[in-house]
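Q: 5 is the number of the first residue of the sequence shown in the working numbering; add one for each residue after it.
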Amino acid sequence: MSSQTLSDARQYEKTIGDAVPETDRPLFHLSSYSGWMNDPNGFSFYNGEYHLFYQYFPYDNRWGPMHWAHATSNDLLKWKFQPAALAPDTRPDADGCFSGSAIELDDGRHLLLYTGVNVTDKYGTYIQQQCVAVKEGEEYVKYEGNPVLTSKDLPEGYSRYDFRDPKMFRLKDGTFGCVICACKDKDGRIAYYTSKDGFDWTFKGILAENNGRFGTIWECPDFFELDGKHVLICSPMNMRKTRTKYNPGNGTMCLIGTFDEENTKLIEENDQPVDGGIDFYAPTTILTPDGRRVMIAWMQNWETIVYGAKKFPWYGEMTIPRELHVRDNHLYQTPIRELDGLRRNKVEYKDVKVSDWMSFEGIQGRILDLNIEIRPDDVEDYKHFEIRFAQDDELFTSVRYRRSDGFVTVDRNYCGSRHAVIHQRKMKVDDRGGCIKLRIILDRFSAEVFINDGAQVLSTTFYTRQTADRISFSSDGVAVMDIEKYDLSFD
Ligand code: FRU
5 MSSQTLSDAR QYEKTIGDAV PETDRPLFHL SSYSGWMNDP NGFSFYNGEY
55 HLFYQYFPYD NRWGPMHWAH ATSNDLLKWK FQPAALAPDT RPDADGCFSG
105 SAIELDDGRH LLLYTGVNVT DKYGTYIQQQ CVAVKEGEEY VKYEGNPVLT
155 SKDLPEGYSR YDFRDPKMFR LKDGTFGCVI CACKDKDGRI AYYTSKDGFD
205 WTFKGILAEN NGRFGTIWEC PDFFELDGKH VLICSPMNMR KTRTKYNPGN
255 GTMCLIGTFD EENTKLIEEN DQPVDGGIDF YAPTTILTPD GRRVMIAWMQ
305 NWETIVYGAK KFPWYGEMTI PRELHVRDNH LYQTPIRELD GLRRNKVEYK
355 DVKVSDWMSF EGIQGRILDL NIEIRPDDVE DYKHFEIRFA QDDELFTSVR
405 YRRSDGFVTV DRNYCGSRHA VIHQRKMKVD DRGGCIKLRI ILDRFSAEVF
455 INDGAQVLST TFYTRQTADR ISFSSDGVAV MDIEKYDLSF D
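1. Can you check the segment 129 to 160 for any beta strand (DSSP E) of at least 3 residues that lies completely inside it and give the ranges in chain order?
2. Less than 8 Å between the beta carbons of T256 and I282, yes or no?
3. Who are the near neighbours of Y16 in its chain, counting only those whose CB is closer than 7 Å to its CB and skipping five residues on each side?
4. When the cut-off is 8 Å and only beta carbons count, does P252 lie next to chain C?
5. Alpha carbon to alpha carbon, how far is C185 from L158? Give it in angstroms, no decimals.
6. Let me check you understand the geometry: is the CB of C182 closer than 7 Å to at least one non-hydrogen atom of ligand 1?
7. Is A286 near ligand 1 - that is, is its Cβ less than 7 Å away from at least one heavy atom of it?
8. Have a look at L236, G437, E160, G481 and flag the residue whose alpha-carbon is nearest the alpha-carbon of H334.
9. Is it right to say G369 is buried, meaning 16 or more other beta carbons lie within 10 angstroms of its own, or is it exposed?
10. Out of curiosity, what's the CA-to-CA distance linking A459 and S11?
11. Compare the beta carbon distance of D457 and T338 with 8 Å and say whether it is the shorter of the two.
12. Just curious, the alpha helix (DSSP H) that A301 is in, first and last residue?
13. What number of angstroms, rounded off, separates the C-alpha of M241 from the C-alpha of N122?
14. Can you give me the C-alpha to C-alpha distance between Y496 and E390, rounded to a whole angstrom?
15. Taking 8 Å as the cut-off, decide whether the C-beta atoms of V152 and Q132 are in contact.
16. With 16 as the cutoff for other CB atoms within 10 Å, does V425 come out buried or exposed?
17. Provide the residue(s) that pair with S105 in DSSP beta bridges, ordered along the chain.
18. For I367, which residues from the same chain have a beta carbon less than 7 Å from its beta carbon, with the 5 sequence-adjacent residues on both sides left out?
19. Taking the alpha-carbon positions, what's the W83 to P44 distance?
20. Could you tell me which whole beta strand (DSSP E) segments of length 3 or greater appear in the segment 238 to 317?
21. Confirm, please, whether the CB-CB distance from I378 to I440 is below 8 Å.
22. Looking at the unbroken alpha helix (DSSP H) that takes in S11, where does it start and where does it end?
23. Output the boundary residues of the beta strand (DSSP E) element that contains W67.
24. Would a C-beta distance cut-off of 8 Å place W302 and R29 closer than the cut-off?
25. Near I7, which residues of its chain fall below 7 Å by C-beta distance, leaving aside the five closest residues on each side in sequence?
26. How big is the Cα-Cα spacing for E1 and K249?
27. Helix, strand or coil: which one does DSSP assign to E452?
28. Consult DSSP for P62 and reduce its assignment to one of helix, strand or coil.
29. Could you check how far apart the C-beta atoms of Y147 and A137 are, in whole angstroms? I think they sit under 8 Å.
30. Where does G181 fall in DSSP's three states?
31. Assuming G219 contacts M243 (C-beta within less than 8 Å), just tell me the rounded distance between them.
32. Nearest to F228 by alpha carbon, out of W306, P252, F173?
33. For T323, is the classification buried or exposed, using 16 other Cβ atoms within 10 angstroms of its Cβ as the cut-off for buried?
34. To the nearest angstrom, how far is it from the Cα of S478 to the Cα of S163?
35. Quick one: residues in its chain with C-beta nearer than 6 Å to the C-beta of A483, no 5 flanking neighbours on either side, listed in chain order?
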């Protein structure tokens, strides 16, 4: 039996969400059914299909008491909305069901572990505790023994107000591990737990400590082994800008290293921003049945949420799922290979010389897979290269590469926004003597720019009219370019 709070949400999302015309949503990125979306939750493969839940307030395009929405997919591209899975309707989660994860139990049931929050005083301070819900029939039934993890399961001196976002995974011996965002003296820590059954968890140690290096608290951790390394992904709050790597505000980061299992410590070897664009937060991963590590994130940024929020009765979308690899202690991301199955109408140009603004027959649209390789001309070099897309006479979003400082910038200043929020972000890329590869995935309201086979990625949303679909290219000298463009479609 679902609670009144949950059935109200389900009725509301169905009325509002089903009425949204398909063309008012991205084609293959999951967008909110109705109202607000933030972090992806419970990303898992269960009963023959992928499940993705997310932080959800169905009633408005703003954050509110958190529910869990639910969608399923066979290919991680075509999503089907399912009825909301969780609502804040029990004592430990009375004020919200915050982020968490999902696993399949040995007996075949689907288990969700999430953070229940409840307000403890008149100042609205939350206590955060971990709770369980298990699929029984069609419903995710909350465990009567909730909460299963509280601040009592943390070492001395840790905060009970910042203890959230449990991410579970299966360990080699078949039991479960879990990393959770924790905090001591306002500093981010990652707590590590193990369990035999998903209900009863034991504290093992502190996997990593911030010690003031990257922002304050590390939200939404994930931890996995990949290509012989261990990777800890998290979303630090209150980052400071550094010269070439990190941007201020809420960011994302991965620490790559070796797991010292005996001491439950990640021996860090490298740190890296996960996506340096405008819209990317709270990434989480899955191990697919065919062994790929695939990541998805909220394609949004807490600092810029006023932009675009009033356009549709939904707000928020996920990134395209990305396959991950580690090479030379660096994280690489590429769009999931299932996307190749949506490619239509190939248009190709080779060795074109780009100087002042140019466009090319057949290279336009808002739902595209655009692959570009640029190199300097033998005679006349270039220093600066730019692509504008989602363009008409007034609007555009652009990607620029400036060789003098080695930065690629994504810029949506001219996307018609009326808000003084971040509209530009850049990332440093490897110097390859003026050769650079860009893969730009467009899906109506977003661009994800994969640079040099996914060594860096910049993502941004732009909620502009769909008739703005032109694409143009320019360089300040002569750049030689190969273009390969595909429309993307399920038909
Ligand atoms: C990250 C986050 C999580 C929390 C959730 C609440 O975006 O702040 O730490 O669980 O959002 O919606």
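For every residue, glycine included, the Cβ atom is placed at its ideal position computed from N, Cα and C.
A: Working from what's here:
1. 130 to 140, 143 to 146
2. no
3. S38, P62, Y63
4. Judged by its chain identifiers, the structure shown contains no chain C, having just a single protein chain.
5. 11 Å
6. no
7. yes
8. L236
9. buried
10. 44 Å
11. yes
12. Unbroken run through A301 is the beta strand (DSSP E), 297 to 302; no alpha helix (DSSP H).
13. 21 Å
14. Because the chain here runs from 5 to 495, residue 496 falls outside it and cannot be looked at.
15. no
16. exposed
17. L117
18. V351, I475, I487, K489
19. 14 Å
20. 257 to 264, 269 to 277, 285 to 291, 297 to 302
21. yes
22. 8 to 22
23. Segment: none, W67 is in no beta strand (DSSP E) and carries neither H nor E.
24. no
25. Note on identity: in this sequence residue 7 is Ser, with Ile being the wrong assignment. Only A91, D93 meet the Cβ criterion.
26. Nothing about residue 1 can be reported from this structure: the residues present for the chain run from 5 to 495 only.
27. strand
28. coil
29. 7 Å
30. strand
31. 4 Å
32. F173
33. buried
34. 53 Å
35. V358, I378, Y386, F389
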